[in-house]
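Numbering (numbering that gives the first Met the number 0), first residue to last: 0 to 109.
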Amino acid sequence: MEYQVEVLHKQHEAFTNFLSEKIRAYNNEHSSYHRASRQQGAIQPLQLIVTDLQQQWVGGITAEVYWGWVEIHKFWFSEEYRGKGIGTKLLAKAELVAKEMGATKALLTT
Numbered sequence: 000m001e002y003q004v005e006v007l008h009k010q011h012e013a014f015t016n017f018l019s020e021k022i023r024a025y026n027n028e029h030s031s032y033h034r035a036s037r038q039q040g041a042i043q044p045l046q047l048i049v050t051d052l053q054q055q056w057v058g059g060i061t062a063e064v065y066w067g068w069v070e071i072h073k074f075w076f077s078e079e080y081r082g083k084g085i086g087t088k089l090l091a092k093a094e095l096v097a098k099e100m101g102a103t104k105a106l107l108t109t
């Protein structure tokens with residue numbers, strides 16, 4: 000079997016889409032978890048939004064709950080709200096809500 004390897008240092012959207020489609024097809028065939036995750040409502044969004052007294056966003060968390068996990072994708076605060084314990088309280092609230100949604104494990108990717 001002969002082949003060649005091409006190295007790119009830039010995004011190749013068509014190739015990325017090709018791999019995504021092939022991985023999705025494989026996972027759909029071999030993994031009941033992946034098949035189930037593609038069902039409507041299997042992945043539940045979770046967002047905690049922090050606003051100031053003028054109702055301006057100053058930070059928060061975006062996450063998803065699936066397969067018994069909560070995956071926190073984004074977690075950020077404006078500079079003036081950092082170091083005041085708000086983040087700790089927000090993470091605790093996210094954990095509590097995610098548990099209510101069925102999560103037993105957490106993954107922080109931010």
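Glycine included, C-beta positions come from ideal geometry on N, C-alpha and C. Predicted model only: the values in this text are computed from it and were never measured.
On the premise that residue j lies in contact with residue i, defined as a C-beta separation below 8 angstroms, what is that separation, rounded to the nearest angstrom?
i           : j          : result
residue 115 : residue 92 : The structure shown has nothing for residue 115, since the chain only spans 0 to 109.
residue 59  : residue 69 : Not confirmed; about 15 angstroms, so no contact.
Residues in its own chain within less than 8 angstroms of residue i by CB, not counting five upstream and five downstream?
i           : result
residue 78  : none
residue 100 : 43, 45, 64, 69
Measure the alpha-carbon distance for residue i versus residue j and round it to whole angstroms.
i          : j           : result
residue 98 : residue 42  : 14 angstroms
residue 23 : residue 106 : 22 angstroms
residue 89 : residue 40  : 24 angstroms
residue 95 : residue 7   : 44 angstroms
residue 11 : residue 17  : 10 angstroms
residue 15 : residue 56  : 34 angstroms
Alpha helix (DSSP H) containing residue i: first to last residue?
i          : result
residue 96 : 85-99
residue 29 : 12-29
Can you name, in chain order, every residue of its own chain whose Cβ lies under 7 angstroms from the Cβ of residue i, other than the five neighbours on each side?
i           : result
residue 109 : 71, 72, 73, 74
residue 104 : 67, 68
How far does the beta strand (DSSP E) with residue i in it extend, from its first residue to its last?
i          : result
residue 41 : First-last for residue 41: undefined, no H or E at that position.
residue 72 : 68-76
* **Contact the segment 59-73 vs the segment 15-31: 3+ CB pairs below 8 angstroms** => no
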